[in-house]
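>
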Amino acid sequence: MNKLPAGLATIVAAHMFLQTAHAQYQDETSEEDAVVVTATRTAQTVDESLASATVITREDIENSKALSVPELVRGLTGLDVTTQGGFGKLSSFFLRGTNSTQVLVLIDGLKWGSATAGATSWEFLPLSEIERIEIVRGPRSSLYGSEAIGGVIQIFTRTGKGPPTGRVEVSAGTEDTRNAAAGISGGGKKNWYNISVSRFRTEGIDARQPTLQFGFLLLDEPDLDGYENNAFSARYGHRFTRAGQIEVFATQSEGNTQFDSNGGNEDDFKIGAAGAKYSYQPVPRWNLILEGGSTRDDRTTFRADGSVPESRFNTEIQTFTWQNDLSFGASNLVTLGADYRDEKIDSNTAFNQTSRNNTAVFGQYQGKFARNDLLVGLRRDDNEQFGGETTGNIGWGYSMQNQMRVVASYGTGFRAPTFNDLFFPDFFGFPTSNPNLQPERSKSAEAGVRGMLPGGRWDVRVYRTEIDNLIVLDQNFIPQNLSSATIEGMEAEISAVIASWIARVGLSYVNPRNDVTGNVLPRRSKKWLRFDLSRSFGSKTHLLFTLIAQGPRFDDAANTIEVPGYGLVNVAVRHKISKSWELGGRINNLFDKQYQTVDTFNELGRNVLVTVAYRPKLPGASPE
130 MNKLPAGLAT IVAAHMFLQT AHAQYQDETS EEDAVVVTAT RTAQTVDESL ASATVITRED
190 IENSKALSVP ELVRGLTGLD VTTQGGFGKL SSFFLRGTNS TQVLVLIDGL KWGSATAGAT
250 SWEFLPLSEI ERIEIVRGPR SSLYGSEAIG GVIQIFTRTG KGPPTGRVEV SAGTEDTRNA
310 AAGISGGGKK NWYNISVSRF RTEGIDARQP TLQFGFLLLD EPDLDGYENN AFSARYGHRF
370 TRAGQIEVFA TQSEGNTQFD SNGGNEDDFK IGAAGAKYSY QPVPRWNLIL EGGSTRDDRT
430 TFRADGSVPE SRFNTEIQTF TWQNDLSFGA SNLVTLGADY RDEKIDSNTA FNQTSRNNTA
490 VFGQYQGKFA RNDLLVGLRR DDNEQFGGET TGNIGWGYSM QNQMRVVASY GTGFRAPTFN
550 DLFFPDFFGF PTSNPNLQPE RSKSAEAGVR GMLPGGRWDV RVYRTEIDNL IVLDQNFIPQ
610 NLSSATIEGM EAEISAVIAS WIARVGLSYV NPRNDVTGNV LPRRSKKWLR FDLSRSFGSK
670 THLLFTLIAQ GPRFDDAANT IEVPGYGLVN VAVRHKISKS WELGGRINNL FDKQYQTVDT
730 FNELGRNVLV TVAYRPKLPG ASPE
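Note that our numbering has the sequence shown beginning at 130, numbered continuously upward.
So, in structure tokens, the structure goes:
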């Protein structure tokens with residue numbers, strides 16, 4: 130934190146030096162033009178948003194040639210990713226040093242994840258079914274409630290626009306990896322649609338090195354741990370009038386993944402979401418949104434020889450939201466709404482309680498006063514299990530004449546205990562859960578400055594988050610609100626066009642510590658960097674180089690097991706052979722670095738993927 134002024138001064142100096150050249154790049158499509166809706170529940174560009182946000186578009190996904198979400202986002206600013214054995218293996222996302230369970234995950238506006246473990250099955254989301262990913266850093270409980278302490282990540286599934294178009298894509302690579310995807314999409318002013326399917330399979334690698342499981346039980350399974358995934362997504366939208374439209378959507382992934390364990394070592398999984406969204410303008414300055422649906426996260430763990438009883442943990446979350454956006458003049462927007470959430474679990478483990486619901490009301494004001502921007506938000510949650518919780522957020526921005534902008538914000542958040550924390554049954558008469566747990570609560574402050582560069586931008590942020598009532602296991606392995614944590618961090622991003630190459634650099638530093646022990650929170654690196662360098666050669670070829678450098682991390686709360694840092698270089702290329710045919714490829718871990726992000730769990734070495742895609746325009750007129 131004490132080195133920030135020097136780094137900030139360097140970036141500001143670069144801004145002042147390059148500012149005069151900015152005009153010649155005004156026609157470039159730059160990162161700040163991307164639209165983000167997750168930060169405020171309303172559409173605004175990344176540059177307009179007071180929050181720190183990253184938007185990954187469908188074009189970004191295509192250019193990366195990645196096949197999984199963890200592979201795509203590894204090393205992004207503020208986001209620390211760990212994986213346990215390659216494709217389809219447990220992946221955890223730590224946003225700004227918070228726990229992976231302290232990040233809210235949405236699919237098309239619906240909360241998604243396991244209500245028992247509190248985890249998100251990132252490893253099972255196929256990129257072929259994703260249109261856009263929005264990553265918002267910083268607390269957003271004032272809009273969304275529980276879990277949005279470190280931030281919010283929202284997945285938007287595929288949509289359609291333009292003339293009817295088909296797509297068929299086939300990929301093959303190392304580890305006997307195969308991927309096939311197909312779909313049809315199109316759209317006009319009144320109707321739009323998308324239907325797509327995909328299948329992925331890989332023989333995988335040996336997920337884990339020989340180790341002592343639970344500290345005393347030898348685990349040695351020197352086999353390949355495969356993974357397969359079958360997925361589909363569908364969306365249809367219809368605009369009734371200029372003032373009203375409706376969308377319905379559904380997506381699902383199911384398959385099997387193998388891993389190393391003395392107990393069950395395979396998972397059959399099924400994840401998905403289905404819902405509808407209705408938007409209507411009763412009058413020009415009032416936009417009404419009604420949306421609802423459900424998400425599922427089902428997992429059955431077993432051993433193929435039947436020597437271990439299977440365990441089943443299924444989650445269904447139903448969400449319904451009523452939102453009103455009211456404009457007062459050109460510079461004032463008020464958002465008022467309410468939502469209802471019902472969580473249900475189904476398991477062959479006899480939980481003491483299998484459902485709970487949450488009702489909330491929320492309000493937000495966004496205003497502009499000369500060069501000042503102001504945001505104020507407030508939310509009240511009423512949870513069936515632990516009662517009421519109030520959270521808030523305030524943000525301010527000031528735009529200076531030299532295209533620089535200063536921002537500051539403060540927000541509170543909370544995370545409700547999981548069903549495992551609260552209601553897991555006793556183990557041979559010994560309690561393993563605690564129904565009296567209170568939510569984890571947080572306070573976060575942030576300040577930053579941003580500016581424009583030729584064809585790009587720069588952004589520097591510092592932040593501090595304090596988390597109380599942290600849920601940890603006591604000496605009897607019972608969860609208690611015994612701890613607290615303080616997280617301090619700095620993020621710096623810079624992007625620019627240099628001799629026709631687009632360069633983007635993201636640097637993250639975070640110091641997440643347990644206040645009681647003084648130790649670094651487990652499985653979180655303190656520093657990492659990602660450098661993307663890309664160029665389009667005419668309209669046919671796109672080349673992308675990515676460098677990821679990650680510092681070491683401790684794998685345990687006692688800070689006795691250190692996992693070394695690493696550096697990776699990835700390369701991706703796309704080439705259009707004709708209007709309909711495209712050839713692409715990706716090399717991950719170009720220099721075959723041996724590394725781990727979780728102790729004893731192997732990561733992929735050098736791996737290669739080659740893709741052939743066919744995207745024909747289909748006969749028939751475009752939908753109206």
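We put the beta carbon where it would ideally sit given N, CA and C, even for glycine.
Keep in mind that this is a model prediction, so the values were computed, not measured.
Return the CA-CA distance between S637 and G207, expressed in angstroms with no decimal places.
Indexing the sequence shown from 1 puts residue 637 at position 508. Indexing the sequence shown from 1 puts residue 207 at position 78. If I take the Cα positions, the gap works out to 6 Å.
> Assuming N84 is part of the beta strand (DSSP E), what are its boundary residues?
Only positions 130 to 753 of the chain appear in this structure, which leaves residue 84 out of reach.
> When burial is assigned at 16 or more other CB atoms within 10 Å of the CB, is I627 buried or exposed?
In the sequence shown, the residue the question calls residue 627 occupies position 498. It counts as exposed.
> How would you label M529, buried or exposed, when you count the other beta carbons within 10 angstroms and need 16 or more for buried?
Your numbering for residue 529 matches position 400 in the sequence shown. It is exposed - the Cβ of M529 has fewer than 16 other Cβ atoms within 10 Å.
> To the nearest angstrom, how far is it from the Cα of E258 to the Cα of D396?
The residue you call residue 258 lines up with position 129 of the sequence shown. The residue you call residue 396 lines up with position 267 of the sequence shown. Distance between the alpha carbons of E258 and D396 is about 22 Å.
> What is the residue span of the alpha helix (DSSP H) that R187 lies within?
Stepping through the sequence shown from its first residue, residue 187 is reached at position 58. 187-193 is the extent of the alpha helix (DSSP H) around R187.
> Can you list, in chain order, the stretches of the alpha helix (DSSP H) that have 4 or more residues and sit fully within the segment 589-629?
Runs of the alpha helix (DSSP H) inside the segment 589-629: none found.
> Return the chain-ordered list of same chain residues with a C-beta closer than 8 Å to the C-beta of Q609, the five sequence neighbours on each side being excluded.
Stepping through the sequence shown from its first residue, residue 609 is reached at position 480. If we look at Q609 and ignore the five residues flanking it on each side, its Cβ neighbours are N563, L566, I600, V601, L602, D603.
> Could you work out which residue in Q679, S709, V634, L235 is closest to K669 when comparing CA atoms only?
Here residue 669 refers to the residue found at position 540 when the sequence shown is read from its first residue. It is S709.
> Would D305 be called buried (16 or more neighbouring beta carbons within 10 Å of its own) or exposed?
Translated into the one-based positions of the sequence shown, residue 305 becomes position 176. Answer is exposed; the Cβ neighbour count stays below 16.
> Identify, in the order they occur along the chain, each residue of the same chain with its Cβ nearer than 6 Å to the Cβ of L254, setting aside the five sequence neighbours on each side.
What you label residue 254 is simply residue 125 of the sequence shown in a count that begins at 1. Around L254: V198.
> With burial defined as no fewer than 16 other Cβ atoms inside 10 Å of the residue's Cβ, what is the status of N481: buried or exposed?
For the purposes of this step, residue 481 is identified with residue 352 of the sequence shown, where counting begins at 1. Classification for N481: exposed.
> Could you pull out every residue in the same chain whose Cβ sits closer than 6 Å to the Cβ of G295, ignoring the five residues on either side in sequence?
On the sequence shown, position 166 is the one that residue 295 refers to. For G295, where only same-chain residues beyond five positions count, the Cβ hits under 6 Å are I313, P745, L747.
> Put N563 into one of helix, strand or coil per three-state DSSP.
Along the sequence shown, read from residue 1 onward, the residue named residue 563 stands at position 434. In the structure shown, N563 sits in coil (DSSP, three-state: anything other than H, G, I, E or B).
> Work out the CA separation of F548 and P105 for me, nearest whole Å.
What is shown of the chain runs 130 to 753, which leaves residue 105 out entirely.
> Is the segment 395-410 close to the segment 419-431, with three or more CB pairs under 8 Å?
At 8 Å Cβ cutoff, the stretches touch.
> In whole angstroms, what is the alpha-carbon distance linking Y407 and D468?
By one-based count along the sequence shown, residue 407 stands at place 278. By one-based count along the sequence shown, residue 468 stands at place 339. When rounded, the distance between both Cα atoms is 15 Å.
> Let me check understanding here. Comparing Cα to Cα, which of G422, S390, Y273, G247 lies closest to V437?
Within the sequence shown, numbered from 1, the residue matching residue 437 stands at position 308. For the residues G422, S390, Y273, G247, the minimum Cα distance to V437 belongs to S390.
> Could you tell me the alpha carbon to alpha carbon distance between G765 and D176, rounded to whole angstroms?
The chain is shown only over 130 to 753; residue 765 falls outside these bounds and no answer can be derived.
> Within the segment 251-332, note down every full beta strand (DSSP E) run reaching 3 residues or more, in order along the chain.
Entirely contained in the segment 251-332, the beta strand (DSSP E) runs reaching 3 residues are, in chain order, 259-266, 280-286, 291-302, 306-316.
> Considering just the uninterrupted stretch of the alpha helix (DSSP H) at D550, what are its terminal residues?
Here residue 550 refers to the residue found at position 421 of the sequence shown. 548-552 is the span of the alpha helix (DSSP H), which, as asked, contains D550.
> Would you call the segment 410-423 and the segment 447-467 touching, i.e. three or more CB-CB distances under 8 Å?
Segments in contact, yes.
> Between the Cα of V702 and those of T174, D189, S178, L179, spot the shortest distance and give me the residue it belongs to.
The residue given as residue 702 occupies position 573 in the sequence shown. When only C-alpha atoms are compared, the closest one is D189.
> From the DSSP output, in three-state form, read off Q530 for me.
As a first step, residue 530 must be located in the sequence shown, where it is residue number 401. Q530: coil per DSSP, three-state reduction.
> Could you tell me the alpha carbon to alpha carbon distance between F388 and G577, rounded to whole angstroms?
As a first step, residue 388 must be located in the sequence shown, where it is residue number 259. As a first step, residue 577 must be located in the sequence shown, where it is residue number 448. Their backbone Cα atoms lie some 43 Å apart in a straight line.
> Thinking C-alpha only, which one of F378, R570, N192 is nearest I596?
Sequence index remark: in the sequence shown, residue 596 carries index 467 (1-based). Ranking F378, R570, N192 by Cα distance to I596 puts R570 first.
> Helix or strand or just coil, what does DSSP make of T732?
By 1-based counting over the sequence shown, the position of residue 732 is 603. In the sequence as presented, Thr is not what sits at residue 732; that position holds Glu. Three-state DSSP puts E732 in coil, outside helix and strand.
> Go ahead and pull the three-state DSSP assignment for T757.
Here the chain covers residues 130 to 753 and nothing more, so residue 757 does not appear.
> Compare the C-alpha of V463 against each of V645, G506, R653 and name the closest.
Translated into the one-based positions of the sequence shown, residue 463 becomes position 334. Minimum Cα distance to V463 is reached at G506.
> Extract the residue ranges of the beta strand (DSSP E) inside the segment 650-709, only unbroken runs of 3 or more that lie entirely within it.
Qualifying beta strand (DSSP E) stretches, in chain order: 656-666, 670-679, 695-705.
> Check Q231 in the structure and name its three-state DSSP category.
Position 102 of the sequence shown, counting from 1, holds the residue named residue 231. Helix.
> Would you mind giving the Cβ-Cβ distance between D354 and G333, rounded to the nearest angstrom? I have them listed as a contact below 8 Å.
Here residue 354 corresponds to residue number 225 of the sequence shown, with the count starting at 1. Here residue 333 corresponds to residue number 204 of the sequence shown, with the count starting at 1. Their Cβ separation, rounded to whole angstroms, is 5 Å, which keeps D354 and G333 in contact under 8 Å.
> Look at the Cβ atom of S250, then the Cβ atom of N522, and state whether they are nearer than 7 Å.
Numbered from 1 along the sequence shown, position 121 holds the residue referred to as residue 250. Numbered from 1 along the sequence shown, position 393 holds the residue referred to as residue 522. No. Outside cutoff.
> State the Cα-Cα distance for the pair V727 and S220, rounded to the nearest angstrom.
If you number the sequence shown from 1, residue 727 lands on position 598. If you number the sequence shown from 1, residue 220 lands on position 91. Those two C-alpha atoms are separated by around 10 Å.
> Considering only residues of the same chain and omitting the five flanking positions on each side of L347, which have a CB-CB separation below 7 Å?
By one-based count along the sequence shown, residue 347 stands at place 218. Closer than 7 Å at the Cβ level, and outside the excluded window around L347, lie L341.
> Quick one: is D810 buried, meaning 16 or more other Cβ sit within 10 Å of its Cβ, or exposed?
Shown here, the chain extends from 130 to 753; a query on residue 810 therefore has no answer.
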